[in-house]
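Structure first, commentary second.
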Amino acid sequence: MKLERLISITYALLNQEVISAAALAAQHQVSPRTIYRDIEAICAAGIPVVSYQGSNGGFGIIEAYKMDRSLLAPDDVNSLITLLSSTKTVFRDARTERTLDRLRTVQSSERVPSLTLDLGSWRMNNELLHELRKAITSRCVVRFRYVNAKNDRIDRLVEPVTLHFKYYAWYLHGYCRTRADYRVFKLSRITDLSLTEEPVLREHAPTELNVGEGLSRERDMTGAVIRFASDAVASALDCFYAEEKNFEPNGELTVRIVNPTDSDWLLSQVLGYGGSAFIEEPEWLREELRTKLANLCARYEEV
28 MKLERLISIT
38 YALLNQEVIS
48 AAALAAQHQV
58 SPRTIYRDIE
68 AICAAGIPVV
78 SYQGSNGGFG
88 IIEAYKMDRS
98 LLAPDDVNSL
108 ITLLSSTKTV
118 FRDARTERTL
128 DRLRTVQSSE
138 RVPSLTLDLG
148 SWRMNNELLH
158 ELRKAITSRC
168 VVRFRYVNAK
178 NDRIDRLVEP
188 VTLHFKYYAW
198 YLHGYCRTRA
208 DYRVFKLSRI
218 TDLSLTEEPV
228 LREHAPTELN
238 VGEGLSRERD
248 MTGAVIRFAS
258 DAVASALDCF
268 YAEEKNFEPN
278 GELTVRIVNP
288 TDSDWLLSQV
298 LGYGGSAFIE
308 EPEWLREELR
318 TKLANLCARY
328 EEV
């Protein structure tokens, strides 16, 4: 605990010109007397801490000892801080925080960032992410139950390799021992996760990790033209932001969707808009929607 406090105090001294003992004590929830002893220990370790007297006095580290700011351009530092800070919204990672502290020592100023990222989501189970990342870093095999696209619940034994954030969702890529091949798993479909004591001995070569292909299959959509009423335009733009769009004179929005493969996903989206979405083409997709609606009505008539 003391070592962590000494490291934290050192970073605080590097990040600020002068910081008082009272501020350091409040930050670390210890007494000013403890801070004075910590400063002595830091000096004994060879770090040149100097004290400043007066009302604005405190402690600081001489500029010659600090990292040369010219090693990284200001934009480089700010970009790295932005990317690392975004992971803090999801992962509880002390190493990331320590890296951020080091980067802030060479940050040229406390200017307002031009870009912020938040990978957190109210729909995401952050505990699941945390456990999977722990399994990856500790190189242990995981066991879980997975619901595939056919709605089958299958027990999987997986050597986790990487976590990916794509299409507003988190994915796990790993070697599935159940299927004896690499697979991509959507985290929202993973249940009953447990970390085993079995170590991952296999070295996963980067050439084997064809993640992009696996995720594309997960998200392919059926070619279609859909017209959205004016009261659904904002939501349609959020959902189909990458598709070809055309605004009609009456305020409606026409969206053309490509890559004809998975009609179920598209139909589920259209149903969510109720009467505010209409499939203009193809005809067979409209017929599928009619069938789904008929089945839905029949089910509620039985109640």
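Counting in the numbering used here, the sequence shown runs from 28 upward without gaps. Cβ coordinates follow ideal geometry from the N, Cα and C atoms, glycine included.
In the structure shown, Thr164 adopts helical secondary structure according to DSSP, grouped into three states.
Annotation: Ser165 to Leu220 spans about 16 Å, alpha carbon to alpha carbon. The Cβ atoms of Arg254 and Glu279 lie closer than 7 Å to each other. The region 184-201 and the region 254-270 do not touch, with fewer than 3 CB-CB distances between them shorter than 8 Å. Annotation: Glu230 to Tyr268 spans about 38 Å, alpha carbon to alpha carbon. Per DSSP, reduced to three states, the secondary structure at Asp65 is helical. A straight line joining the alpha-carbon of Leu156 with that of Ala162 spans about 10 Å.
Taking every protein chain shown into account, the CB of Val169 has 16 or more other CB atoms within 10 angstroms, so this residue is buried. Contact between Arg283 and Glu270 holds: their C-beta atoms lie close to 6 Å from each other, under 8 Å. By the C-beta density criterion, Lys29 is exposed, having fewer than 16 other C-beta atoms within 10 angstroms. Nearest Cα to Thr218 within the set Cys167, Leu264 and Glu158: Glu158.
Sequence-distant Cβ neighbours of Ser78 in its own chain, meaning closer than 6 Å and more than five residues away, are Phe86.
Within the model, the alpha-carbon separation for Cys167 versus Arg160 is close to 10 Å.
Residue burial annotation: Tyr327 is exposed, with fewer than 16 other C-beta atoms found within 10 angstroms of its C-beta.
Around the beta carbon of Asn277, a 10 Å sphere encloses fewer than 16 other beta carbons of the protein chains shown; the residue is thus reported as exposed.
In the same chain as Glu308, and ignoring 5 residues on each side of it, the C-beta atoms closer than 6 Å to its own belong to Val252, in chain order. Annotation: Val57 to Thr123 spans about 24 Å, alpha carbon to alpha carbon. Per DSSP, the continuous alpha helix (DSSP H) segment holding Asp265 begins and ends at Val260 to Cys266.
The criterion of a C-beta distance shorter than 7 Å is not satisfied by Gly250 and Val227.
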